[in-house]
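Protein chains in written order, with the numbering used here: chain A, 142 to 336; chain B, 2 to 595. All C-beta atoms in this analysis are idealised placements derived from N, C-alpha and C, irrespective of residue type, glycine included. Everything on this sheet refers to the single structure shown next.
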């Protein structure tokens, strides 16, 4: 992994409609505000209709590929438990997986064609370092379940010391609509306090 | 798009490839742009509409119309751009191949956004082959900044060589973001229209001369490409030389930063002298390209030397750094530190509250089905409805149903409707309906009118009443249009009124005349829900009959023999599950509000 030492790889994953694009925009903005080169990649269209969604974010002194290579993600940020497990193989050996207290059944499970897996058992059997963030509980306390993404991002921010405090604030202010800024800032801070 | 309408004149911005193309159109003086939405190209025209009012921009009913309109603008001496997905260029192929002969007065840029890996497409055709077949110059950017610069280069080439120019993107260029250096808009005059019949009326006598000019042009462009700043040799270790273009370049640099690389930005025609120089400077040649062996085969045929490529790099699917690493023999088929977990698939599904769900529920309930088309409603094929059986291309639902009836008769097609969306019907369903009526077909066309082009993220079209910029516009009236095509039986239903929906299907399917059912209910992305109500279960009344599960709503799962409704997912203005519950156990109220 020739460039891994200087490039940080963050894979954000979840399901369509969970605010993954906003989270990756804030992360990119924060990395950018800290003066780094940055690339980010995701797909639109049919894949977004409730399907499994990922956003690849890479930043450092010089970034070539917009896609993270499997086995090289420093952080896998899951917005849904099973999605965290699904994309675990992207993580590097000393990376960290964060998952929330959220399970969203795919249609395959709803109709009984598949069973929702025991995610924590799956992670444990692979010796994967992971933390469960009570993002939904926190979001409910804050009165807005849509800020789960910012709680998770707040938690993930503690794993990215190369991005300064002020850069995060600038990025959130820039990307979040003004009237929802307060609750999103609070969500981010609460997430930070989880790790 | 919070960024909209306030992109600065200078500095550096973090833009997607699509946003960068829009920016390039603005900076390099494009006057007019037209497109039909299609993943991964859609955001180009959206960004132009949102951020660059100096460019006249509009949604076209389809890609052929868009390109022809752009051709007209060019004839008038304006710089013009159109953008489409790879299969969209098939629709626009007719004007493309002849516009290649006619050429461009004002610069013409045709953006083709291909979708290797088929993230949101029905095939993975490699449109570099089309540029070659149509004999038009083609540029391929490797990141957003290059995408912007290449719009300028394409316009220069177009005007200098009198040719429409293709700018070929792929999903990972269109939908990746990277840093772009911004510049001001340069003033470019619209040259004005001058009549030139020999040039613009390709009757055979004229077209023969035009063809000669095209062949000469392509030879001149080869030489131009040899000196183009977008084609460059990056000298490195001479033991291996890699020829690459587009996004593949980034993967090569990621995996083998020390290799000698020939990065091609202009890939039709190929810069043969430059390629020859590169071949002479390296010991071994490998082509790293996504999709077809486009570069590999041409280089092999030209120089009659061994060139490796598709022996190492797959034809199918999209590339990523790991695939390139393994293909170049740089590291073993890397065992990732954490073994891949096999977890249930999460296929895309119709959204909770989606209007189409009612239509497919009703179809499946009466054991009917559909010939399908391109849009969100293609998902009608998924369980539990499984009420969609064929898809070819835009508009294909109507024509396939008619052909089936011609071949096997009403007995076989009597339980099939043609399911087609409002935007798709405008795109190319109308001609199929005319054909059905004209040739005595008796099929039922179900126009699933959710008032928007939904799959691509919600774009206006000629039947929504709004234009690209969201301004009010004349609206096509589907009822009148279908009647004008000769359909006598046209009815409109709310697809979430299951009783009416079922009745309409039964009646029209049994009618031995062509008919149209318009299922009209707005896409949930268009407006805000009226409240926060969620469905609620009274467990006392529930008899575990699973009727609600046949709605196929992502918000409902079956836990301990009872439906469990996700307050996060349930859509307030939808009561399909309440309608189908035979015991009244489900209701919609505020108590379970999210």
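- According to the DSSP assignment, residue 437(B) belongs to no beta strand (DSSP E) but to the alpha helix (DSSP H) extending over 431-439.
- Counting only the Cα atoms, residue 335(A) lies some 45 Å from residue 360(B).
- In the DSSP assignment, residue 407(B) falls within the unbroken alpha helix (DSSP H) covering 397-409.
- The C-alpha of residue 255(A) is placed about 17 Å away from the C-alpha of residue 262(A).
- For residue 32(B), no beta strand (DSSP E) segment is defined, and its DSSP state is neither H nor E.
- For residue 160(A), the closest of 315(A), 308(A), 331(A) and 293(A) by C-alpha to C-alpha distance is 293(A).
- About 7 Å separates the beta carbons of residue 60(B) and residue 46(B), which is inside the 8 Å limit, making them a contact pair.
- A direct Cα-to-Cα measurement between residue 68(B) and residue 87(B) gives close to 14 Å.
- When DSSP states are grouped into helix, strand and coil, residue 95(B) belongs to the helix group.
- By the Cβ-count criterion, residue 562(B) is exposed, with fewer than 16 other Cβ atoms from all chains shown falling within 10 Å of its own Cβ.
- Think of a sphere of 7 Å around the beta carbon of residue 254(B): the chain A residues whose beta carbon falls inside it are 205, in chain order.
- Distances from the CA of residue 401(B) to each of 417(B), 576(B) and 280(B) were compared; the closest alpha carbon is that of 417(B).
- Cα atoms of residue 296(A) and residue 78(B): separation of roughly 55 Å, rounded to the nearest angstrom.
- Rounded to the nearest whole angstrom, the CA to CA distance from residue 388(B) to residue 357(B) is 11 Å.
- By the Cβ rule, the region 341-353 of chain B does not count as touching the region 368-376 of chain B, because fewer than three pairs are nearer than 8 Å.
- For the C-beta of residue 323(B), the chain A residues within less than 7 Å are, from N- to C-terminus, 210 and 211.
- In the DSSP assignment, residue 76(B) falls within the alpha helix (DSSP H) that extends over 64-76.
- Pairwise C-beta distances place the region 199-207 of chain A out of contact with the region 222-232 of chain A, as fewer than three of them are shorter than 8 Å.
- For residue 228(A), the three-state secondary structure derived from DSSP is coil.
- Interface annotation, residue 272(A): not in contact with chain B, CB-CB separation never under 9 Å.
- Within the region 426-441 of chain B, contact with chain A at the beta-carbon level (separation under 8 Å) is assigned to no residue.
- Every alpha helix (DSSP H) of 4 residues or more that sits fully in the region 148-213 of chain A is shown, in chain order, as 161-174.
- Not a single CB atom of chain B sits nearer than 9 Å to the CB of residue 310(A).
- With contacts defined as CB atoms closer than 9 Å, residue 395(B) and residue 430(B) qualify as a contacting pair.
- Excluding sequence positions up to five before and after residue 166(A), its CB lies within less than 6 Å of the CB of 316, all in the same chain and listed in chain order.
- For the 9 Å CB-CB criterion, residue 273(A) and residue 242(A) form a contact.
- Using a C-beta cut-off of 8 Å, the region 161-172 of chain B makes no contact with the region 324-338 of chain B, since fewer than three inter-stretch Cβ pairs fall below that distance.
- Excluding sequence positions up to five before and after residue 200(B), its CB lies within less than 8 Å of the CB of 103, 104, 207 and 211, all in the same chain and listed in chain order.
- The DSSP assignment places no complete beta strand (DSSP E) segment of no fewer than 3 residues inside the region 298-339 of chain B.
- At a cut-off of 9 Å between beta-carbon atoms, residue 223(A) makes contact with chain B.
- Closer than 9 Å to the CB of residue 179(A) there is at least one CB belonging to chain B.
- A direct Cα-Cα distance of roughly 29 Å separates residue 208(A) from residue 326(A).
- Leaving aside the five residues that flank residue 150(A) on each side, the residues in its chain whose CB is nearer than 7 Å to its CB run, in chain order, 199, 209, 213, 214 and 215.
- For residue 325(A), the enclosing alpha helix (DSSP H) starts and ends at 322-333.
- At a cut-off of 9 Å between beta-carbon atoms, residue 190(A) makes contact with chain B.
- Cβ neighbours of residue 246(B) within its own chain (closer than 8 Å, five residues either side excluded): 141, 143, 264, 265, 266, 268, 290 and 296.
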